[in-house]
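Sequences listed follow chains A and B, in order. Last residue of the first sequence? That's 370 in the working numbering, and every number before it is there in order. Last residue of the second sequence? That's 370 in the working numbering, and every number before it is there in order. Okay, structure first, notes after.
There are 2 protein chains.
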Amino acid sequence: MGDGSPVRVVLVDDHPVVRAGLRALVDGQDGIEVVGEASDLASAEEVVDATRPDVVLMDLNLGDGPGGVEVTARLRGLPGPPNVLVLTTYDTEADILRALDAGAVGYLLKDAPPDQLFAGIRATARGETVLAPSVAARLVRRTAAPGPVVTEREVEVLELLSRGLGNREMARELLVSEATVKSHLSHIYTKLGVDTRAGAVAAAIERRIIRSGA
Amino acid sequence: MGDGSPVRVVLVDDHPVVRAGLRALVDGQDGIEVVGEASDLASAEEVVDATRPDVVLMDLNLGDGPGGVEVTARLRGLPGPPNVLVLTTYDTEADILRALDAGAVGYLLKDAPPDQLFAGIRATARGETVLAPSVAARLVRRTAAPGPVVTEREVEVLELLSRGLGNREMARELLVSEATVKSHLSHIYTKLGVDTRAGAVAAAIERRIIRSGA
DNA sequence: GGCGGCATCATCCGATCGGCTATCCGGGTG
DNA sequence: CACCCGGATAGCCGATCGGATGATGCCGCC
Chain A
157 MGDGSPVRVV LVDDHPVVRA GLRALVDGQD GIEVVGEASD LASAEEVVDA TRPDVVLMDL
217 NLGDGPGGVE VTARLRGLPG PPNVLVLTTY DTEADILRAL DAGAVGYLLK DAPPDQLFAG
277 IRATARGETV LAPSVAARLV RRTAAPGPVV TEREVEVLEL LSRGLGNREM ARELLVSEAT
337 VKSHLSHIYT KLGVDTRAGA VAAAIERRII RSGA
Chain B
157 MGDGSPVRVV LVDDHPVVRA GLRALVDGQD GIEVVGEASD LASAEEVVDA TRPDVVLMDL
217 NLGDGPGGVE VTARLRGLPG PPNVLVLTTY DTEADILRAL DAGAVGYLLK DAPPDQLFAG
277 IRATARGETV LAPSVAARLV RRTAAPGPVV TEREVEVLEL LSRGLGNREM ARELLVSEAT
337 VKSHLSHIYT KLGVDTRAGA VAAAIERRII RSGA
């Protein structure tokens, strides 16, 4: 890689220690320059607007308030938007799908080796799609899946379920009837091989379909 | 702080990126030297045995296998054990209590400012107890609590609950009758102000009484 | 020694859940 | 154009849950 112009990177993560660590790790790395940091939606928009980076390294878990998915969508809505590379801990289907849907061009996990991160940042700057192996595998298994795959609507139900709602409340939340919710639940039970709502939540977390609560 | 002898630190975290980031952040910092890294129980014992550090920076989430609590307990069982400073993302009651119980002398969160981390490492080396403000607050509120506090047994029930077990299964797991489980559940509902098992799991996660699944 | 908190166990009963079956509609596919 | 799938809806019924009430034994504490 020629360093005719370095890749300008902004970090978005709500943990100061992680930000500082990432900055120490990638800043100055062959052809990479960290030009800003942010911890939430407001500061991210501000910093990106001010620094106009090539790449945004995005954590999905930003504590309270809008998460990394929302921030990604907002940044992609800006004129001349940066390429967003998600760097997070979890590889649940829901997270991956939403992040890519929001306009992220890459999805790496924090347990990736540093070299992969550096290469990923450079590739992201070029607009290439970068996926961690486990993420790619999950996507492949999703599209070319032989076995039972929960549908998008079912994922929504699973998430409400993990938040502790009853059928009546879920129905209200999803703007459908209780019967429909029960129908979704039945399909979910069958697909996950369980027979209780709590068991479904456990299985969904186990299979990385949803990520629970906190 | 005089640097008559630097504080020798070993990092334990299953994420290479985080380890590298932490090393870049704290190594060389006034009076602090990183002398080793580990990602699991086996490598931690090996590295600590070989380097005999003053402080071990311990993540509680080590992916599969034994967690940071177990590793802490094992390290503390060694002759001339290092002082363990927990550095993690979560501050649930269950995590805090178990970590301190296992012999950790400090508990910081990854969202702490770097300066607090440096100071915490030095304090830990001197054997002083270092607690993040939110952790200290939680402990205080626990002992000097006026309001409803879930008991240890109730926490056990909540954890089984979050794993999706039914009353019958929980009873078998806890070696008690179903009636007892129902009794615990009723108390939990009252204390958490909910009325369903899924709601209890959500509230318990919300209040950081338990941490869910993954 | 009494009092309260915790854990244990037991009923009873109304509310909710979970399984089963069946219908309807819209969108994509052979 | 049939066909299938995902989504939405409905009723029925046995199983489970959640609430109320009450009782026993073991602690630690004043």
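Glycine residues also receive a C-beta, built at the ideal position from the N, C-alpha and C atoms.
C-beta neighbour in chain B for A358 of chain A, strict 8 Å
Start at 1 with the first residue of the first sequence, and residue 358 of chain A comes out as number 202. Answer yes: the Cβ-Cβ gap between A358 of chain A and chain B drops below 8 Å somewhere.
Does K266 of chain B come within less than 8 Å of chain A when only Cβ atoms are used?
Position 110 of the second sequence holds residue 266 of chain B. Chain A, which has a Cβ nearer than 8 Å to the Cβ of K266 of chain B, makes this yes.
Quick check: what's the CA-CA separation for A358 of chain B versus T245 of chain A?
For the purposes of this step, residue 358 of chain B is taken as the residue at position 202 of the second sequence. For the purposes of this step, residue 245 of chain A is taken as the residue at position 89 of the first sequence. Each residue's alpha carbon lies about 21 Å from the other.
Report the rounded CA-to-CA distance for I252 of chain B versus V286 of chain A, giving the unit in angstroms.
Taking the second sequence and counting its residues from 1, the one referred to as residue 252 of chain B is at position 96. Taking the first sequence and counting its residues from 1, the one referred to as residue 286 of chain A is at position 130. Approximately 37 Å, taken between the alpha carbons.
Residue(s) in a DSSP beta bridge with I188 of chain B
In the second sequence, residue 188 of chain B corresponds to position 32, counting from 1. I188 of chain B has B:V163 as its beta-bridge partners, per DSSP.
In this structure, what does DSSP give as the bridge partners for A194 of chain A?
In the first sequence, the residue the question calls residue 194 of chain A occupies position 38. Bridge partners of A194 of chain A: A:V168.
Which residue or residues does DSSP assign as beta-bridge partners of M214 of chain B?
Counting from 1 along the second sequence, the entry for residue 214 of chain B is found at position 58. In DSSP, M214 of chain B forms a bridge with B:V168, B:V242.
Chain-ordered neighbours of Y220 of chain A on chain B, where CB pairs are closer than 7 Å:
Taking the first sequence and counting its residues from 1, the one referred to as residue 220 of chain A is at position 64. Residue identity differs from the one stated: residue 220 of chain A is Asp in this sequence, not Tyr. By Cβ distance, chain B contributes nothing, its closest Cβ being about 12 Å from D220 of chain A, past 7 Å.
With DSSP as the reference, identify every bridge partner of E253 of chain A, one or two as the case may be.
As a working mapping, residue 253 of chain A is identified with position 97 in the first sequence. Looking at the sequence provided, one finds Leu at residue 253 of chain A rather than Glu. Looking at the DSSP assignment, L253 of chain A forms no beta bridge with any residue, so it has no partner.
My understanding is that V163 of chain A touches V211 of chain A, with C-beta atoms under 8 Å, so please give their C-beta distance in whole angstroms.
Here the question's residue 163 of chain A lines up with position 7 in the first sequence. Here the question's residue 211 of chain A lines up with position 55 in the first sequence. Contact flag correct, Cβ pair sits at about 6 Å.
Cβ-based neighbour list, G223 of chain A, same chain, cut-off 8 Å, excluding 5 preceding and 5 following
Numbered from its first residue, the first sequence carries residue 223 of chain A at position 67. Here the set comprises L216, N217.
Among all the DSSP beta bridges, which residues are the ones paired with G262 of chain B?
By one-based count along the second sequence, residue 262 of chain B stands at place 106. Answer is B:L241, B:V286, bridged to G262 of chain B.
Any C-beta of chain B sitting closer than 8 Å to the C-beta of L253 of chain A?
Start at 1 with the first residue of the first sequence, and residue 253 of chain A comes out as number 97. No - not a single Cβ of chain B is within 8 Å of the one on L253 of chain A.
Name the two residues that bound the continuous alpha helix (DSSP H) containing A268 of chain A.
Residue 268 of chain A sits at position 112 when you count from the first residue of the first sequence. Premise fails: A268 of chain A is in no alpha helix (DSSP H) and is neither H nor E.
Using Cβ-Cβ distances below 7 Å, what residues of the region 157-179 of chain A are close to chain B?
Of all residues in the region 157-179 of chain A, D170, H171, P172, V173, V174, A176, G177, L178 have a Cβ within less than 7 Å of some Cβ in chain B.
Does the Cβ of R175 of chain A have 16 or more other Cβ atoms within 10 Å, making it buried, or fewer, making it exposed?
The count along the first sequence starts at 1 and reaches residue 175 of chain A at position 19. Answer is buried; the Cβ neighbour count reaches 16.
Cβ atoms of G262 of chain B and T248 of chain B: under 8 Å apart, would you say?
Here residue 248 of chain B refers to the residue found at position 92 of the second sequence. Here residue 262 of chain B refers to the residue found at position 106 of the second sequence. The answer is no: Cβ separation not under 8 Å.
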